[in-house]
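Written out below as structure tokens is the structure these notes cover.
In my numbering, the protein residues as written are 52 to 346.
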């Protein structure tokens with residue numbers, strides 16, 4: 052059962068002839084940035100925060116509440132052609148393209164619900180956390196983006212496995228809490244040079260070219276300005292002067308476009324020691340005998 056503010060309960064107890072309703076959608080991304088949109092026809096300000104009525108949210112599925120422990124799923128449809136404006140993250144890029152590039156991956160979703168005596172009435176306060184969950188699926192198209200959210204009860208249905216298993220490769224993901232490294236400490240800035248393509252990004256930035264070939268393999272390169280601003284791509288290989296991307300960019304960058312990049316990890320003892328100096332947190336067992344050796 053969701054707790055409602057006392058003014059809301061008192062208002063509904065009067066059995067009013069008209070009840071105005073509106074949803075407040077709050078998306079919190081992995082980088083902690085927040086987007087707030089409302090189903091109302093105009094912007095709403097509640098508790099010092101403003102929810103925009105810019106047409107971002109097209110519709111949502113039905114909310115189902117039960118007294119039993121069930122994983123509640125909810126589909127939210129966003130306008131794929133909507134542009135977020137000229138900001139450091141989007142530079143006017145449509146929601147569909149941002150979603151395809153991972154903007155909403157693992158984002159937190161909270162829906163608060165407003166009721167009032169007339170359109171725009173926020174005096175009663177919202178019913179907080181009408182729905183809470185995380186985005187578990189993203190299906191972008193040119194006209195709309197379907198986000199599939201699931202409540203945190205989903206975590207209870209996971210198969211229980213040992214926290215660590217034995218294997219030659221490290222069991223940690225680079226920069227996760229068990230690895231202990233800071234992604235920011237290994238992130239470097241650079242700029243495009245020469246004649247780049249959608250998959251080949253040359254650079255003459257000294258901070259990058261001083262790194263040995265292979266250093267940035269499995270890492271991530273993100274553009275911070277230019278036609279590809281906000282777009283990230285995995286680094287397939289680095290030869291000491293040129294990045295080869297795992298997937299092509301939508302548009303070739305031009306010389307001078309800025310980006311940031313950080314290295315990935317092959318989860319080997321050599322990478323952990325020589326690239327990151329983090330051998331103390333290495334959770335692999337490279338000397339386990341092979342199957343043939345134990346037969």
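Idealized CB from N, CA, C, for every residue including glycine. Nothing here was measured: the structure is a model prediction, and the numbers come from that model.
Once you ignore the five residues that flank residue 215 on each side, which residues in its own chain have a CB closer than 8 Å to its CB?
-> 222 and 334
Would you mind reading off the limits of the beta strand (DSSP E) that contains residue 234?
-> Element bounds for residue 234: not the beta strand (DSSP E) but the alpha helix (DSSP H), 234–237.
Just tell me which of 314, 252 and 337 has its CA closest to the CA of residue 305.
-> 252
Could you tell me whether the Cβ atoms of residue 254 and residue 244 are closer together than 7 Å?
-> yes
Could you check if residue 164 is buried or exposed, using at least 16 other CB atoms within 10 Å of its CB as the buried criterion?
-> buried
Range covered by the beta strand (DSSP E) that runs through residue 101 = 100–102
By how many angstroms is the C-alpha of residue 182 removed from the C-alpha of residue 248?
-> 44 Å
Residue range of the unbroken alpha helix (DSSP H) whose run includes residue 146 | 146–151
Look at residue 185 and residue 159 and say whether their C-beta atoms are less than 7 Å apart.
-> yes
Take every Cβ of the segment 261–277, pair it with every Cβ of the segment 310–318, and state whether three or more of those distances are shorter than 8 Å.
-> yes
Exposed or buried, residue 86, counting other C-beta atoms within 10 Å across all chains shown (16 or more means buried)?
-> buried
On the three-state DSSP scale, how would you describe residue 257?
-> helix
Neighbourhood of residue 372 by C-beta, 8 Å cutoff - its chain only, sequence neighbours within 5 removed | The question about residue 372 has no answer here: the residues shown for the chain are numbered 52 through 346.
Stretch pair the segment 317–327 + the segment 283–290: three plus CB contacts closer than 8 Å | no
With DSSP as the reference, label residue 295 as helix, strand or coil.
-> strand
Secondary structure of residue 130, DSSP reduced to three states | strand
Under 7 Å, do residue 299 and residue 256 count as touching if we go by C-beta distance?
-> no
Applying the criterion that 16 or more other CB atoms from any shown protein chain within 10 Å of the CB defines a buried residue, is residue 308 buried or exposed?
-> buried
Pick out whichever of 338, 98 and 282 has its Cα sitting closest to the Cα of residue 179.
-> 98
Expressed to the nearest angstrom, what Euclidean distance is found between the alpha-carbon atoms of residue 294 and residue 100?
-> 41 Å
Are there 16 or more other CB atoms within 10 angstroms of the CB of residue 339, so buried, or fewer, so exposed?
-> exposed
Give the C-beta separation of residue 175 and residue 76 to the nearest angstrom, bearing in mind that I take them to be a contact with Cβ-Cβ under 8 Å.
-> Contact flag wrong, Cβ pair sits at about 19 Å.
Would residue 169 be called buried (16 or more neighbouring beta carbons within 10 Å of its own) or exposed?
-> exposed
Rounded separation between residue 279 and residue 262 - CA only = 24 Å
Please list, in chain order, all residues of the same chain as residue 103 whose beta carbon is under 6 Å from its beta carbon, the five residues on each side excluded.
-> 88 and 94
Integer-rounded CB distance, given that residue 220 should sit under 8 Å from residue 191 | Not a contact, Cβ separation roughly 33 Å.
One or two residues paired with residue 162 in a DSSP bridge | 76 and 182
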